[in-house]
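Structure first, commentary second.
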Amino acid sequence: GEDVEQSLFLSVREGDSSVINCTYTDSSSTYLYWYKQEPGAGLQLLTYIFSNMDMKQDQRLTVLLNKKDKHLSLRIADTQTGDSAIYFCAETYPDNTDKLIFGTGTRLQVFP
Amino acid sequence: DAGVIQSPRHEVTEMGQEVTLRCKPISGHDYLFWYRQTMMRGLELLIYFNNNVPIDDSGMPEDRFSAKMPNASFSTLKIQPSEPRDSAVYFCASRGTGGRAALLTDTQYFGPGTRLTVL
Chain A
25 GEDVEQSLFL SVREGDSSVI NCTYTDSSST YLYWYKQEPG AGLQLLTYIF
75 SNMDMKQDQR LTVLLNKKDK HLSLRIADTQ TGDSAIYFCA ETYPDNTDKL
125 IFGTGTRLQV FP
Chain B
949 DAGVIQSPRH EVTEMGQEVT LRCKPISGHD YLFWYRQTMM RGLELLIYFN
999 NNVPIDDSGM PEDRFSAKMP NASFSTLKIQ PSEPRDSAVY FCASRGTGGR
1049 AALLTDTQYF GPGTRLTVL
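Heads up: the protein sequence lines correspond to chains A and B, in order.
Using our numbering, you'd call the opening residue of the first sequence number 25 and step up by one each time.
Using our numbering, you'd call the opening residue of the second sequence number 949 and step up by one each time.
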């Protein structure tokens, strides 16, 4: 079945880069997404990548897509304490692009 | 726009009681999604609507759960009777369809969630 996997925790020092990884199952997904969830809040779309792209950069965020390995990563440059949150990757269902499959979420903790 | 609005933000109830969660989607959005988030199971899609019609309810756990969307600006998720294992954060999300900026329009926008505790 469909499955999107992420590591559960990541701890980085303020100012360093963070890399959050995700593996997904459906190679036909048109878009892949990264969402951010801050404590007590809903999920907020952070960035996305179209499946025919290998990389997308958006300010401090860089998304890398390796379709062969079905691997997606999110790099946050110059990580700040405000980046502490849970990060979810998501892909569309193979037979229904209305629906998203979310990963388990990676809790990023940034320490001074 | 105020974004997706959910109420209540917190609900504490006793086992066996009826619980009703409410959602107001973003104006103009024609899709509405209900999710449940728990530590054990992560984020699960329960049901979603398109133009007020339920399209896929395969994620609804059991008959104790029901959802309605009587109009384009309001939806409810009801649990009757509630059980302690229903304790979770319930999110509502909405999105639009198509348009020139299709991707942004198709993005799901989440509400702040309702934290439900069933004692």
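The beta-carbon is built from N, C-alpha and C at its ideal position, and this holds for glycine as well.
What number of angstroms, rounded off, separates the C-alpha of residue i from the C-alpha of residue j?
i	j	result
D82(A)	D119(A)	30 Å
F981(B)	I953(B)	13 Å
Q985(B)	V1037(B)	5 Å
L132(A)	A109(A)	5 Å
Y48(A)	E29(A)	6 Å
R1043(B)	V967(B)	25 Å
M3(A)	S35(A)	As shown, chain A starts at 25 and ends at 136. That puts residue 3(A) outside it, with no answer to give.
Q151(A)	Q965(B)	Because residue 151(A) is not part of the residues shown, which for chain A are 25 to 136, the question remains open.
V1001(B)	V134(A)	43 Å
I995(B)	K60(A)	22 Å
K1026(B)	M77(A)	42 Å
Q1028(B)	G64(A)	25 Å
L1067(B)	K91(A)	46 Å
K94(A)	P136(A)	33 Å
Which residue from the options puts its Cα closest to that of residue i?
i	options	result
R37(A)	D107(A), P63(A), Y59(A), K91(A)	D107(A)
I125(A)	V1001(B), L993(B), R1063(B)	L993(B)
T121(A)	L96(A), S51(A), L132(A), Q104(A)	S51(A)
E959(B)	D978(B), D1034(B), T1055(B)	D1034(B)
G990(B)	L89(A), S31(A), L85(A)	S31(A)
T961(B)	S1030(B), I974(B), G1007(B)	S1030(B)
T128(A)	C113(A), H95(A), G66(A), Y117(A)	C113(A)
Y111(A)	G39(A), I44(A), D27(A), Y117(A)	I44(A)
A1041(B)	G1059(B), P1002(B), S975(B)	G1059(B)
I1039(B)	Q965(B), R970(B), G964(B)	Residue identity differs from the one stated: residue 1039(B) is Phe in this sequence, not Ile. Nearest C-alpha to F1039(B): R970(B).
D40(A)	D102(A), Y57(A), Y59(A)	D102(A)
F1022(B)	I974(B), R957(B), M963(B), G964(B)	I974(B)
Y979(B)	L1064(B), E1010(B), Y1057(B)	Y1057(B)
I945(B)	G976(B), G951(B), A1015(B)	The question about residue 945(B) has no answer here: the residues shown for chain B are numbered 949 through 1067.
K123(A)	S42(A), Y55(A), C46(A)	Y55(A)
Can you give the beta carbon distance from residue i to residue j, rounded, assuming they're within the 8 Å contact cut?
i	j	result
L88(A)	S75(A)	Not confirmed; about 13 Å, so no contact.
L85(A)	I100(A)	6 Å
P1032(B)	M963(B)	6 Å
S53(A)	T116(A)	5 Å
G1061(B)	G66(A)	5 Å
### Residues from the segment 1056 to 1067 of chain B in contact with chain A, defined by Cβ distance under 9 Å
Q1056, Y1057, F1058, G1059, P1060, G1061, R1063
### Query
When you check each C-beta in the segment 987 to 1006 of chain B against every C-beta of chain A, which residues fall closer than 8 Å?
G990, L991, L993, Y996, N998, I1003, D1004
### Query
According to a CB-to-CB cut-off of less than 7 Å, which residues of the segment 51 to 66 of chain A neighbour chain B?
Y55, A65, G66
### Task
Check each residue of the segment 104 to 123 of chain A: if its Cβ is closer than 8 Å to any Cβ of chain B, include it; give the result in chain order.
F112, N120, D122, K123
### Positions along the segment 968 to 980 of chain B whose CB lies within less than 7 Å of some CB in chain A
Y979
### Message
Under 7 Å, CB to CB, which of the residues in the segment 1029 to 1044 of chain B have a partner in chain A?
### Response
F1039
### Under 9 Å (Cβ pairs) to chain B, residues found in the segment 68 to 94 of chain A
Q68, L69, Y72, F74
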